[in-house]
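Undergrad: If you scroll down you'll find the structure; I have some questions about it.
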């Protein structure tokens, strides 16, 4: 696949991401607005109605708190909390959908958003897969040529540096330890995406910019993974061709029989 085709695919996918994120933002923003119910009001109501707290009451209290948290209730003033479906978050969500990472930390709650998510994934996933495959095949040739021209160059060294750079950023911005940062990077770039760790959830100072950069890192990281898969695939294809060639060079039973018979008659 030529770089022109990849550029066209990238442009189409970029527009698809930006427009899709805008639609998700419009559909989900109001629904996910933080509740004005504060924890202090809830505590006062509970203590007034339950001077002697029992186990049953405490369990019910915990269930109601969990329900409020799920609906977006916050401690204190809700105006101090960013809405979950900002435009930057919607972009990041769209990237996790079309890359099949799907952390699960944010999902559409409206019927329109759910239907849109289904259609968006059906179109976006093949687009992203095609782009990643094209980028992988396009980059494989120049990198292989560079490796042949400079034997000291190793793809695995570059890969290690890329992962180490990502790990360094995550340990700094997310306050994760080294193992957790490596775990998150690997789980993300292999599109497993458990969702037990998600970057950008701690209210960083420039949260919108951080989420956009995370989206860029995810796309380029997956492109590099696609390149690695392409290299592995070419290695196995080469081995298969060698096996086929060796089989074609081996004489079959009929040829051996004719040779032996001819020698015997002689």
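In the UniProt record's numbering, the protein residues as written are 1 to 266. Every residue, glycine too, gets a C-beta built ideally from N, C-alpha and C. Keep in mind that this is a model prediction, so the values were computed, not measured.
Helix, strand or coil, according to DSSP, for residue 50 in the structure here?
TA: Coil at residue 50, not helix or strand.
Undergrad: Could you tell me whether the stretch 187 to 195 touches the stretch 101 to 116, where touching means 3 or more Cβ pairs closer than 8 Å?
TA: Yes: at least three Cβ pairs fall under 8 Å.
Undergrad: Using the C-alpha atoms, what's the distance from residue 215 back to residue 18?
TA: If you take the alpha carbons of residue 18 and residue 215, they lie about 12 Å apart.
Undergrad: State the DSSP-derived secondary structure class of residue 104, mapped to helix, strand or coil.
TA: Reduced to three states, the DSSP call for residue 104 is coil.
Undergrad: Do you know whose CA, among 201, 124, 90, lies nearest residue 174's CA?
TA: Out of 201, 124, 90, 201 has the C-alpha closest to the C-alpha of residue 174.
Undergrad: Roughly how many angstroms separate the alpha carbons of residue 76 and residue 63, rounded to a whole number?
TA: Bear in mind that a pLDDT of 49 at residue 76, under 50, signals an unreliable position, so the model cannot answer this.
Undergrad: Can you give the Cα-Cα distance for residue 20 and residue 169, rounded to whole angstroms?
TA: Distance between the alpha carbons of residue 20 and residue 169 is about 28 Å.
Undergrad: Count Cβ pairs between the stretch 101 to 120 and the stretch 205 to 214 that sit closer than 8 Å; are there 3 or more?
TA: They do not touch, by the three-pair rule.
Undergrad: What does the Cβ neighbour count give for residue 165, buried or exposed, with the cut at 16 atoms within 10 Å?
TA: Under this definition residue 165 is an exposed residue.
Undergrad: Short check: CB of residue 219 to CB of residue 95, under 8 Å?
TA: In this structure, residue 95 lies closer than 8 Å to residue 219 by Cβ.
Undergrad: Using C-beta distances below 6 Å, list every residue in its chain close to residue 90, excluding the 5 sequence neighbours before and after it, in chain order.
TA: The residues are 21, 24, 25.
Undergrad: Helix, strand or coil for residue 305, going by three-state DSSP, please let me know.
TA: With the chain running from 1 to 266 in the structure shown, residue 305 is simply not present.
Undergrad: Where do the N-terminal and C-terminal ends of the alpha helix (DSSP H) with residue 92 fall, by residue?
TA: Unbroken alpha helix (DSSP H) run through residue 92: 87 to 98.
Undergrad: CB-CB under 8 Å to residue 3, same chain, minus the five flanking residues each way: which ones, in chain order?
TA: Same-chain partners within the cutoff: 138.
Undergrad: With 16 as the cutoff for other CB atoms within 10 Å, does residue 80 come out buried or exposed?
TA: Residue placement at residue 80 is poorly supported in this model, since its pLDDT is 43, which falls under 50; the coordinates still yield a value, given next. Exposed, since its Cβ has fewer than 16 Cβ neighbours within 10 Å.
Undergrad: In angstroms with no decimal places, state the Cα-to-Cα distance between residue 14 and residue 29.
TA: Roughly 22 Å between the two C-alpha positions.
Undergrad: Identify whether residue 188 lies in helix, strand or coil by the three-state DSSP scheme.
TA: Helix.
Undergrad: Grouping DSSP H, G and I as helix and E and B as strand, with all else coil, what is residue 176?
TA: Coil, per DSSP.
Undergrad: Using 8 Å for Cβ pairs, my map puts residue 171 next to residue 181. What's the rounded Cβ distance?
TA: Sure, about 5 Å apart at Cβ, within 8 Å.
Undergrad: So, at 8 Å on beta carbons, what are the nonlocal neighbours of residue 87 in its own chain, with the 5 sequence-adjacent residues on each side left out?
TA: Here the set comprises 21, 22, 25, 208.
Undergrad: Who are the Cβ neighbours of residue 31 in its own chain at under 7 Å, not counting the five residues just before and after it?
TA: Same-chain partners within the cutoff: 109, 110.
Undergrad: Out of curiosity, what's the CA-to-CA distance linking residue 127 and residue 5?
TA: Approximately 12 Å, taken between the alpha carbons.
Undergrad: With a CB to CB cut of under 6 Å and the five nearest residues on each side skipped, what residues in its chain are close to residue 198?
TA: Hits under 6 Å: 103, 105.
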